[in-house]
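Colleague: Quick note, the sequences are listed as chains P and Y, same order.
Under this note's numbering, the first residue of the first sequence carries the number 1, and numbering increases by one thereafter.
Under this note's numbering, the first residue of the second sequence carries the number 159, and numbering increases by one thereafter.
The C-beta atom is built at its ideal place from N, Cα and C for all residues, glycine as well.
Small disclaimer: the values here were computed from a predicted structure and weren't measured.
First, the structure itself, so that you have it in front of you.
Protein chains: 2
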Amino acid sequence: MATTDPARPGFALPLLLLAGFRALVDDLHAELARQGHPDLRPVHGFVLQAVGPDGTTASELGQRLGVSKQAAGKTVDRLVALGYLERVDDPTDARRKLVRTTEKGVDGLRRSAVLLDALRQRWAATLGEERVAAMEDDLRAVTPPNFFRLDVPGWFGG
Amino acid sequence: MATTDPARPGFALPLLLLAGFRALVDDLHAELARQGHPDLRPVHGFVLQAVGPDGTTASELGQRLGVSKQAAGKTVDRLVALGYLERVDDPTDARRKLVRTTEKGVDGLRRSAVLLDALRQRWAATLGEERVAAMEDDLRAVTPPNFFRLDVPGWFGG
DNA sequence: TACGGTAGTCAACGTGGTTGTCGAAACCGT
DNA sequence: ACGGTTTCGACAACCACGTTGACTACCGTA
Numbered sequence: 001m002a003t004t005d006p007a008r009p010g011f012a013l014p015l016l017l018l019a020g021f022r023a024l025v026d027d028l029h030a031e032l033a034r035q036g037h038p039d040l041r042p043v044h045g046f047v048l049q050a051v052g053p054d055g056t057t058a059s060e061l062g063q064r065l066g067v068s069k070q071a072a073g074k075t076v077d078r079l080v081a082l083g084y085l086e087r088v089d090d091p092t093d094a095r096r097k098l099v100r101t102t103e104k105g106v107d108g109l110r111r112s113a114v115l116l117d118a119l120r121q122r123w124a125a126t127l128g129e130e131r132v133a134a135m136e137d138d139l140r141a142v143t144p145p146n147f148f149r150l151d152v153p154g155w156f157g158g
Numbered sequence: 159m160a161t162t163d164p165a166r167p168g169f170a171l172p173l174l175l176l177a178g179f180r181a182l183v184d185d186l187h188a189e190l191a192r193q194g195h196p197d198l199r200p201v202h203g204f205v206l207q208a209v210g211p212d213g214t215t216a217s218e219l220g221q222r223l224g225v226s227k228q229a230a231g232k233t234v235d236r237l238v239a240l241g242y243l244e245r246v247d248d249p250t251d252a253r254r255k256l257v258r259t260t261e262k263g264v265d266g267l268r269r270s271a272v273l274l275d276a277l278r279q280r281w282a283a284t285l286g287e288e289r290v291a292a293m294e295d296d297l298r299a300v301t302p303p304n305f306f307r308l309d310v311p312g313w314f315g316g
């Protein structure tokens with residue numbers, strides 16, 4: 001997919017979608033790094049978002065993200081080490097260890113929301129709000145809902 | 159980014175772009191697996207495409223893909239083991255080892271082109287050709303050209 | 001000819017994923 | 001109340017993909 005050969009129009013579309021995603025996420029994380037979150041990676045955003053305000057367990061997190069509980073557990077370990085998540089014992093079940101977002105994690109999520117809104121506005125300023133909305137509508141129409149919970153193995157590594 | 163909370167519109171756009179990319183690439187590789195290429199991964203498509211018809215070296219490949227020459231070399235190793243690439247000595251320079259696409263690699267690329275065209279047509283059947291074209295135009299307008307050659311560290315692993 | 005730059009490789013390591021195994025705790029039917 | 005099954009978290013081994021740093025072999029040139 002290195003070129004967008006006009007003779008092969010199929011190659012262009014996935015590349016452009018990936019380019020769009022990366023453009024947004026790269027800008028987001030560059031600004032996040034400036035605002036005190038240099039260690040936050042794209043993957044971490046998905047995880048923090050999936051933990052949710054009430055906390056969850058590593059197993060449940062794995063199910064939500066479509067990865068094994070072990071993989072989820074290791075990612076939680078890293079985010080705990082970085083100070084974005086914390087583990088607490090579940091008083092009602094000695095097996096479970098609740099994973100909760102720390103204040104730092106909430107700050108990262110809050111800043112991400114603000115920055116992504118701003119990035120969307122930047123696109124709207126270039127393309128027009130109705131074109132961005134149309135793109136979102138069209139993508140919703142051709143993609144399965146909750147796509148990232150599908151466990152398609154081998155996505156990146158594994 | 160686990161939810162598309164209407165109160166946070168910024169979260170939706172990157173998620174939808176990624177969902178679109180994944181929808182296309184997942185379908186592509188599912189069909190590629192059925193057509194005799196079960197070991198081909200999304201990453202491999204980029205590499206095969208970047209090698210090009212005339213072959214190249216690991217260092218140059220790394221530059222094109224925005225990764226180190228060592229990383230490029232290791233990925234070439236795996237694709238050689240799978241039979242998609244081959245290394246030949248450069249007769250004009252004993253340091254260089256040319257990386258070339260094998261017949262199997264060309265077959266994978268050819269099938270990918272056909273399948274991606276079909277996938278694009280499927281989108282056009284749902285959305286209308288002009289909407290797909292508009293999406294491509296809009297994405298071209300907001301993404302930097304040759305985005306994947308930018309070396310942004312830490313994208314997935316590293 | 002001696003030297004600087006380049007190509008490829010090896011080693012060590014980090015991140016994100018997999019499967020398999022295991023003990024402790026909880027749940028449930030008898 | 002107890003014994004079997006399930007579930008959770010942890011550990012180990014492994015793979016894919018990326019990074020730096022160091023090293024050898026070779027090329028081109030002053």
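What's the call for residue 137 of chain P, buried or exposed, on a 16-neighbour Cβ count within 10 Å?
Modeller: That one is exposed.
Colleague: Just how far apart, CA to CA, sit residue 19 of chain P and residue 37 of chain P?
Modeller: Those two C-alpha atoms are separated by around 23 Å.
Colleague: Considering Cα atoms alone, identify which of Y:174, Y:189 and Y:280 is closest to residue 266 of chain Y.
Modeller: It is Y:189.
Colleague: Rounded to whole angstroms, what's the CA-CA distance from residue 180 of chain Y to residue 143 of chain P? Just pull it up for me.
Modeller: If I take the Cα positions, the gap works out to 9 Å.
Colleague: Take residue 82 of chain P and list the residues in its own chain whose beta-carbon comes closer than 6 Å to its own, dropping the five residues that flank it on each side.
Modeller: So the list reads 39, once near-sequence residues are dropped.
Colleague: Thinking C-alpha only, which one of Y:231, Y:287 and Y:282 is nearest residue 202 of chain Y?
Modeller: Of the listed residues, the one whose Cα sits closest to residue 202 of chain Y is Y:231.
Colleague: Compare the C-alpha of residue 55 of chain P against each of P:96, P:120, P:130 and P:16 and name the closest.
Modeller: For residue 55 of chain P, the nearest C-alpha among the options comes from P:96.
Colleague: Going residue by residue through the stretch 168 to 211 of chain Y, where are the continuous alpha helix (DSSP H) segments of at least 4 residues, counting only ones entirely within it?
Modeller: Listed in chain order, they are 200 to 209.
Colleague: What is the DSSP secondary structure of residue 82 of chain P, reduced to helix, strand or coil?
Modeller: In this structure, residue 82 of chain P counts as coil in the three-state DSSP scheme.
Colleague: Taking the C-alpha atoms as reference points, what is the distance between residue 62 of chain P and residue 69 of chain P?
Modeller: Going by the C-alpha atoms only, they are around 5 Å apart.
Colleague: Go ahead and pull the three-state DSSP assignment for residue 111 of chain P.
Modeller: It is helical.
Colleague: Report the three-state DSSP secondary structure of residue 145 of chain P (helix, strand or coil).
Modeller: The answer is coil: DSSP assigns residue 145 of chain P none of H, G, I, E or B.
Colleague: From this set, P:140, P:111, P:129 and P:132, which residue's C-alpha is nearest residue 33 of chain P's C-alpha?
Modeller: It is P:111 whose Cα lies nearest to the Cα of residue 33 of chain P.
Colleague: Counting pairs of Cβ atoms below 8 Å between the stretch 113 to 130 of chain P and the stretch 276 to 291 of chain Y, do you hit three or more?
Modeller: These segments do not touch.
Colleague: Under 8 Å Cβ-Cβ, which residues of chain Y neighbour residue 131 of chain P?
Modeller: Correct list: 292 and 296.
Colleague: Tell me whether residue 64 of chain P sits in a helix, a strand or coil according to DSSP, three-state version.
Modeller: The answer is helix: DSSP assigns residue 64 of chain P an H, G or I state.
Colleague: Leaving aside the five residues before and after residue 248 of chain Y along the sequence, list all residues of the same chain whose C-beta is less than 7 Å from its C-beta, in chain order.
Modeller: Excluding positions up to five away in sequence, the list reads 254, 255 and 256.
Colleague: Can you name the residues that DSSP bridges to residue 56 of chain P?
Modeller: Bridge partners of residue 56 of chain P: P:99.
Colleague: Out of Y:174, Y:169 and Y:236, state which residue places its alpha-carbon closest to the alpha-carbon of residue 206 of chain Y.
Modeller: With distances taken between Cα atoms, residue 206 of chain Y lies closest to Y:236.
Colleague: Identify every residue that forms a DSSP beta bridge with residue 87 of chain P.
Modeller: Residue 87 of chain P pairs with P:99.
Colleague: State yes or no: is the beta carbon of residue 120 of chain P nearer than 8 Å to at least one beta carbon in chain Y?
Modeller: With 8 Å as the cut-off, residue 120 of chain P counts as an interface residue toward chain Y.
Colleague: Going along the stretch 93 to 116 of chain P in order, which residues come within less than 7 Å of chain Y, judged by CB to CB distance?
Modeller: So the close ones are 113 and 116.
Colleague: Considering Cα atoms alone, identify which of P:106, P:86 and P:93 is closest to residue 100 of chain P.
Modeller: Of the candidates P:106, P:86 and P:93, the one whose C-alpha sits nearest the C-alpha of residue 100 of chain P is P:86.
Colleague: Give me the chain Y residues within the contact set of residue 38 of chain P, using Cβ-Cβ distance strictly less than 9 Å, ordered along the chain.
Modeller: Ordered by position in chain Y, no residue passes the 9 Å Cβ test against residue 38 of chain P, which lies about 10 Å from the chain.
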